[in-house]
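One structure is given below, encoded as structure tokens.
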Amino acid sequence: MPRAAQFLPPLLLVLLASVTHLPALRGGEFTLDDVALIEENPRLEVHSGADLWRLVSGRYWGDDAGGERLWRPVPLVTYAAERRAHGGDPYLSRALNVALHTGCAWLIYALLAGWLPRRASLLASVAFLLHPVHAEVTGGVVGRAELLALGGVLSAVWLHRRLRRARSGWARAGYAVLAALAFGV
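If you count the sequence shown from 1, you need to add 214 to reach the working numbering.
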């Protein structure tokens, strides 16, 4: 494949994601679970190491969540970082979800391109990107937990494949560490 043509699949994925998710990006407010978990969540105000520790060591929905036992520190840290960076703007939060969704589609393409013809790999990644079932995880900011989990697993598999092909001991060690970190999301 010519060098310039290598940029076409990711460019196509970005273009398709931008167009198809435009309605979700134009929504002005947080909705549904986003309100309780992001907009009205005082735990996302992180000003110290102690605040950060309380955030990452606590339950996903907070200590008042009854029997819920979810522990999702990575999404919580991203919500807190967004609040600190831009005040928790729903538009930017959804845009990040669309970017993560697009990144997952690119990883699907990159993985499948090692096993299938490039056109089939691109078609599969476009089908993933455009499938309506993903509207909820991209339009609702709390869907980021699923996007990060999928991105972590896909990254770990991609890095594992790179690890198996690496010739240098340093490269193998680096890929192994990155794969372990990616899978740990």
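Yeah, the Cβ is synthetic: ideal placement off N, Cα and C, and Gly gets one too. Since the model is a prediction, treat every value here as computed from it, not as a measurement.
Residue i versus residue j - alpha carbon distance
i    : j    : result
V260 : R268 : 9 Å
V367 : S335 : 18 Å
L344 : L314 : 14 Å
G302 : L258 : 10 Å
R217 : A327 : 16 Å
L225 : R333 : 15 Å
G354 : F244 : 8 Å
A219 : L337 : 16 Å
V270 : R379 : 35 Å
Residue i - containing alpha helix (DSSP H), residue span
i    : result
A359 : R358 to R379
A350 : Correcting the residue type first, residue 350 is Glu in the shown sequence and not Ala. First-last of the alpha helix (DSSP H) with E350: A349 to G353.
L230 : L222 to T234
S271 : G263 to S271
P289 : P287 to H300
Any non-hydrogen atom of the ligand HEM within 6 Å of residue i CB
i    : result
R257 : This structure lacks the ligand HEM, and indeed carries no ligand of any kind.
Contacts around residue i, its chain only, beta-carbon distance under 6 Å, and the 5 residues preceding and following it disregarded
i    : result
I322 : S339 and F342
Counting only runs that start and end within the stretch 306-331, where is the alpha helix (DSSP H) found for 4 or more residues in a row? Unbroken alpha helix (DSSP H) runs of no fewer than 4 residues, entirely contained in the stretch 306-331, are not found.
Quick check: the stretch 337-351 against the stretch 288-304, are at least 3 beta-carbon pairs closer than 8 Å? Counting C-beta pairs closer than 8 Å gives fewer than three between the stretch 288-304 and the stretch 337-351, which falls short of the contact rule.
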